[in-house]
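Protein chains in written order, with this note's numbering: chain A, 114 to 584; chain B, 7 to 727.
Beneath this line is the structure, given in structure tokens, with notes to follow.
Shown next, in the form of structure tokens:
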């Protein structure tokens, strides 16, 4: 057992007496949590300035076959043949640079991704081809024999969970949260280590780190706790504080009271820090990209979430944060039908939102300190069902930020055709790179040592290389 | 017993000699003299309240002057019970032995050392007086403060209406009231309320009294005897009948009428059990208006909701077929217009509905034992119920189905491009019919399901479409997983988040055989869920559930007889901050997952599911407290000129006006907490009520509202056990 592993276990045993599972007194508070966390993560390298990871999750399973695709004559012909009515015409595609794929291959993106393509071409974004959940490298023959496969493939909820945690639904923690466990000691406010702008996501839960969920406008305060008069009483505040946080009758009210206590303890601190941050406003004029409908960033859920994350990152500088993990998400990617009318809007939403976010980071002077990566339930079938595509496995994703060695496609871009060695049926891709490897690469950038990466990413040792090279 | 003391909570400052409350109390009785007891008196939950003869608890605090605190003497029928120093600025219980305290007894609380010294004003503040069951405010009708020292405190001269603050040497004088009827029969009424929280959209005062005189089994029987009638379609149709503007595409059209109808029926419909069951089934057989493809098809969606009501006590097999062929579901899971495979182009059928029909509606992902635990293989791993080949095969069954145009119009053109005509005058209501099979449009290939399993089946190539559908649905329905899979989720919906395996097995057995050899009888399943010992007995430590936001609001609507100013119950986005807008779950996986285990909690430590916790976070919890404030102070929903749903607190206001706040707390304990209110919560709410000044109607309404607000904001209210 290595040193950091021992430290983690020691910290965990210390926390076992103090954390929710063991009915801790609420008075443990933030300082206590910080002290306990400090035991756990001395080994992680949390120097070198602020670093944050942002997961952009596309709910439903994005058909990435249509986000990045071959445009050389042979490749496009294979693509068009395999996709049928789901193929973009060449006129809608813009070439992108790449040096790492096989000679003779060339790639492009639809025009709706242009704002993201600009960052890619500027070297601030990269593509990771055919990534997906794997327990270990498997062959098509092994797939057909059902050998060595991640459980519950092709199921939305389970593969969402697997992408975020490496386990199907019911997972106890996600890899973002587990990384946070090892990094939180570097933060003046460990409670803000893992923040979600899009509700509950297993990605951000660790064994010690609790995901902190903010609404679209930031933290929500209990109004009654700052009201001097309420329903004829001017001495209500201490009573209200007790009433809304008190558990003790069962795990249900105790755990709920704990959430409430965390909310009360932190809302004002976070709000104060946020109010001092200035990031660009979202555009209120509509943008039309390719075949997408006119999109006004200021009205877009994803753009608003990313703006909030940019503000939280700015606030983190004032609060003394060193390492943070964030989650944003967008729905609508389960394109069983109407795919060709839905996809342009989905791509434009993502591209415009990420474009805003990277620009906002630049304005904060923090572009080099933040990595955003995309994720989704799964890729989809190449083959059409007449109006859309069905649940698949491997898919292409983006990593963006100043630290990215961009303008390239990492991993192995598969042939976009059915019947290949990567096709496990109807153009469902057998991943050539695992989510585990992607996570290890991002974790390494956050400062986790190789052994720490292995601790939070079970099975990492089953893959030949942990670092994928894009950061 | 004293829950607070047993849990070792910090005592309030003041008089804390570290003795247990019980020991202090005993010594008080023995001494029959002035005794001051630390803050918490005994627990007074409705189910455990036992009037303790012969004691009087005065809850009071003081302000100090020149280092001297108020002296308080308490008299019963003119005889002194003792004297004490009120030596704390925090509300504290002072307990006196008081045999003979009964209705009509005269109680005096005498403040004997009023003074103002160097800008410090020594005063006595009396918050409540209690005999352990009846708790009154100093503002009890008829109470007064007789000012003056010594005998002058009892001379009937120089009096003012009673209030909490006693600013003069003198006596607070009152007559002990008779117990309130609100405090009668508490245990039976609490049990009734508990059952109605499980089985309906919330108890009403009248419903509690009726059930308290009956039994849950009788209540279920009478509820099941109420015939089904259309709620949602009739409501939407009535809107559409108002003219072309109210139909899809019209300027007054909206798809939110079905949501409003939900609130209206949850609040007022007599057939609560049917509708609550339909709501539970909706969580399992999910189609969501969150899909914009359904926007113009709100009447089809209304039909989907009516189907859930119609089959709530019917058979799950029939319900499955109706749902499978519902156009709203066909749009939502995209098997409406699903095309057969085409080997030439490589096109394959859409797998969406086929997959979720198995994963969510019938058998789930893992093979289950009869008690809901997963079966394991030789290596100890869960056995998956189906593979992708099964999904692709089943998808073929759901090809060739689309809108129910007349039989002579079922052409390929109609299949691929036909839409219902919703225009006034030409509307043929095909959206209310089951989807029809279009000859020639469905796959004719062989369908092999669950190859190698005992329940495997091969549907021969060329089998007629309806026959094929029947075989497929029969195969799924008869799969041994369905009873435990659906049964466990229904238990989670009605009773408890993590039922015992034995409870699941009992409900699954009822699914498998209703006692008359019928499988899938939902009435039998529902009786098994609600009448099980685990539902009816006192809850085990781990039993219960966090209640979803929609059910908190329906409980409020019903508990306080909320009325809708527009008559339409125009609630819409109000619960967005809670993550639960009615009929608009984010996906087919619903608002929360039955398998959700909140990470980093006591639930995770014992791998217990707690689905509703998926919606509980730092933002939603704070927003709920603010929502409760708005509901209590203002109302809920917006009708263009004000709050649309407004509750009445007249009953609670009247109890506050009577000064008998113990009765007010008893009333709310039954109505909101089914009698589970902890002693600490009761004490806090009483203190809050006691902090409201004034003796007029507005003050009494404030006391009622404050009590409801605090209770609805408390975690104890949010939990059903």
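Quick reminder that beta carbons are idealized off the backbone N, C-alpha and C, glycines included.
Check your understanding: Based on the DSSP output, what are the partners of residue 326/A in its beta bridges?
Key -> Working through the first chain from its first residue, we reach residue 326/A at position 213. DSSP output for residue 326/A lists 309/A as bridge partner(s).
Review point. Does the beta carbon of residue 69/B sit closer than 8 Å to a beta carbon anywhere in chain A?
Key: If you number the second chain from 1, residue 69/B lands on position 63. By this cut-off, residue 69/B is not an interface position.
Check your understanding: Hey, which unbroken runs of the alpha helix (DSSP H) at 4 residues or more fall wholly within the region 531-557 of chain B?
Key -> 539-542
Practice item. Could you tell me whether the Cβ of residue 592/B comes closer than 8 Å to any Cβ of chain A? Key: The sequence position of residue 592/B within the second chain is 586, counting from 1. Yes, because at least one Cβ of chain A sits closer than 8 Å to the Cβ of residue 592/B.
Check your understanding: Name the chain B residues that come within less than 7 Å of residue 326/A, Cβ to Cβ?
Key -> Translated into positions along the first chain, residue 326/A becomes position 213. Ordered by position in chain B, the residues that pass the 7 Å Cβ test against residue 326/A are 623, 624, 625.
Point to revise | Element boundaries [alpha helix (DSSP H), containing residue 240/B] | key: Residue numbering aside, residue 240/B sits at position 234 when the second chain is read from its first letter. Looking at the DSSP string, the run of the alpha helix (DSSP H) that includes residue 240/B is 238-246.
Point to revise | Interface partners of residue 540/B on chain A, CB under 7 Å | key: Stepping through the second chain from its first residue, residue 540/B is reached at position 534. Those do not exist, as residue 540/B stays about 15 Å from chain A at its closest Cβ, beyond 7 Å.
Check your understanding: Taking Cβ positions, are residue 311/A and residue 324/A nearer each other than 8 Å?
Key -> Your numbering for residue 311/A matches position 198 in the first chain. Your numbering for residue 324/A matches position 211 in the first chain. For residue 311/A and residue 324/A, no; Cβs fall outside 8 Å.
Check your understanding: Along the chain, where does the alpha helix (DSSP H) that runs through residue 365/A open and close?
Key -> As a working mapping, residue 365/A is identified with position 252 in the first chain. Residues 364-388.
Review point. Taking residue 3/B as the reference, which of 139/B, 166/B, 680/B has the closest Cα?
Key: Outside the modelled stretch of chain B, which goes from 7 to 727, sits residue 3/B, for which no answer is possible.
Review point. Rounded to a whole number of angstroms, what is the C-alpha to C-alpha distance between residue 623/A and residue 255/A?
Key: As displayed, chain A neither begins before 114 nor continues past 584, which places residue 623/A out of reach and without an answer.
Review point. Using 8 Å as the Cβ pair cut-off and three pairs as the minimum, do the region 81-89 of chain B and the region 122-129 of chain B touch?
Key: no
Check your understanding: Any beta-carbon of chain B closer than 8 Å to the one on residue 450/A?
Key -> Stepping through the first chain from its first residue, residue 450/A is reached at position 337. Yes, because at least one Cβ of chain B sits closer than 8 Å to the Cβ of residue 450/A.
Point to revise | Reference residue 644/B; option with closest CA among 664/B, 576/B, 677/B, 711/B | key: One-based indexing of the second chain puts residue 644/B at position 638. Out of 664/B, 576/B, 677/B, 711/B, 576/B has the C-alpha closest to the C-alpha of residue 644/B.
Practice item. Could you name the residues of chain A that residue 404/B contacts, counting a contact when the two beta carbons are closer than 9 Å? Key: Locating residue 404/B in the second chain gives position 398, counting from the first residue. Correct list: empty, because the minimum Cβ distance to chain A is about 11 Å.
Check your understanding: Are any of the Cβ atoms in chain B nearer than 8 Å to that of residue 188/A?
Key -> For the purposes of this step, residue 188/A is taken as the residue at position 75 of the first chain. Closer than 8 Å: no.
Check your understanding: Hey, does residue 482/A have any beta-carbon neighbour from chain B nearer than 8 Å?
Key -> Position 369 of the first chain holds residue 482/A. The C-beta of residue 482/A comes no closer than 8 Å to any C-beta of chain B.
Review point. So with Cβ pairs under 8 Å, would you call residue 452/B a contact of chain E?
Key: This model lacks chain E altogether; the protein chains it does include are A and B.
Check your understanding: For the ligand FAD, is there a heavy atom less than 7 Å away from the beta-carbon of residue 140/B?
Key -> Because no ligand of any kind appears in the structure shown, any question about the ligand FAD cannot be addressed here.
Check your understanding: Quick one: what's residue 132/B bridged to in DSSP?
Key -> Walking along the second chain from the start, residue 132/B turns up at place 126. Answer is 66/B.
Review point. Would DSSP call residue 61/B helix, strand or coil?
Key: Position 55 of the second chain, counted from the start, is the residue given in the question as residue 61/B. Correct three-state label for residue 61/B: strand.
Practice item. Using three-state DSSP, classify residue 271/B as helix, strand or coil. Key: Here residue 271/B is taken as the residue at index 265 of the second chain, counted from 1. Helix.
Practice item. Ignoring anything shorter than 3 residues or poking outside the region 249-315 of chain A, list the beta strand (DSSP E) runs there in chain order. Key: 307-309
Exercise for review: Count the C-beta pairs between the region 101-117 of chain B and the region 658-671 of chain B that are closer than 8 Å, then say yes if the count reaches three, no if not.
Suggested key: no
Point to revise | Whole-Å CB distance - residue 344/A paired with residue 698/B, under 8 Å assumed | key: Within the first chain, the letter at position 231 stands for residue 344/A. Within the second chain, the letter at position 692 stands for residue 698/B. 7 Å between Cβ atoms; contact.
Exercise for review: Check whether the region 342-352 of chain B touches the region 302-313 of chain B, taking contact to mean three or more Cβ pairs, one atom from each stretch, closer than 8 Å.
Suggested key: These segments do not touch.
Review point. Since residue 359/A and residue 373/B are thought to touch, with beta carbons under 8 Å apart, how far apart are those beta carbons, to the nearest angstrom?
Key: Stepping through the first chain from its first residue, residue 359/A is reached at position 246. Stepping through the second chain from its first residue, residue 373/B is reached at position 367. Actually they do not touch by this definition, with Cβ atoms about 43 Å apart.
Check your understanding: Hey, quick one: how far does the alpha helix (DSSP H) through residue 230/B stretch, first residue to last?
Key -> As a working note, residue 230/B is residue 224 in the second chain. Counting along the chain, the alpha helix (DSSP H) containing residue 230/B begins and ends at 222-230.
Check your understanding: Three or more beta-carbon pairs under 8 Å between the region 634-654 of chain B and the region 566-574 of chain B, yes or no?
Key -> Contact holds: three or more Cβ-Cβ distances are below 8 Å.
Check your understanding: What's the C-alpha gap between residue 229/B and residue 279/B?
Key -> The count along the second chain starts at 1 and reaches residue 229/B at position 223. The count along the second chain starts at 1 and reaches residue 279/B at position 273. Residue 229/B and residue 279/B: Cα-Cα distance of roughly 6 Å.
Review point. Shortest alpha-carbon distance to residue 161/A belongs to which of 528/A, 564/A, 248/A, 516/A?
Key: For the purposes of this step, residue 161/A is identified with residue 48 of the first chain, where counting begins at 1. The shortest Cα separation from residue 161/A among 528/A, 564/A, 248/A, 516/A belongs to 516/A.
Check your understanding: What residues in its chain sit with their C-beta under 6 Å from that of residue 329/A, if we drop five residues either side in the sequence?
Key -> As a first step, residue 329/A must be located in the first chain, where it is residue number 216. Here the set comprises 417.
Exercise for review: Using a Cβ cut-off of 8 Å (strictly closer), state whether residue 725/B contacts chain A.
Suggested key: Reading the second chain from its first residue, position 719 is the one you call residue 725/B. At least one chain A Cβ lies under 8 Å of residue 725/B.
Point to revise | Chain-ordered residues of the region 253-279 of chain A with a beta carbon less than 8 Å from chain B | key: 259, 264, 265, 266, 267, 268, 269, 270, 271
Point to revise | chain B within 8 Å of residue 360/A, Cβ atoms only | key: Within the first chain, residue 360/A is the residue found at index 247, counting from 1. Taking Cβ atoms only, chain B reaches closer than 8 Å to residue 360/A, which makes this a yes.
Check your understanding: If we ignore side chains and look at the alpha-carbon of each, how far apart do residue 548/B and residue 205/B end up?
Key -> For the purposes of this step, residue 548/B is taken as residue 542 along the second chain, with counting starting at 1. For the purposes of this step, residue 205/B is taken as residue 199 along the second chain, with counting starting at 1. Approximately 20 Å between the Cα atoms of the pair.
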